[in-house]
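Colleague: Right, I'll just put the structure down here and ask away after.
Numbering (our numbering), first residue to last: 9 to 74.
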């Protein structure tokens, strides 16, 4: 997994944590993931995108603006 934070303002881009709920080492055909963000240390989560395609090893890409 690779996560890149890009901030085009004068504020710092901060990553508080990443949570992987399940990893399928054998891979899965036509797998998908849901992307969520928490701004309160994981108390609540807000969906960013759902049903995002990933390859058999879980690799994928999604760009969004905060």
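Beta carbons: idealized from backbone N, C-alpha and C, even for Gly.
A quick note: this is a predicted structure, and the numbers were derived from the prediction, not measured.
(1) Select from 53, 15, 42 the residue whose C-alpha is nearest the C-alpha of residue 68.
(2) Does the distance from the CB of residue 44 to the CB of residue 56 come in under 9 Å?
(3) What does DSSP give as the partner residues of residue 57 in its beta bridges?
(4) Where residue 17 and residue 72 are concerned, what is the direct C-alpha to C-alpha distance, given to the nearest angstrom?
(5) Within the same chain, show all residues whose beta-carbon is closer than 7 Å to that of residue 58, passing over the 5 residues directly before and after it, in chain order.
Modeller: Reading it off the structure:
(1) 42
(2) yes
(3) 43
(4) 15 Å
(5) 42
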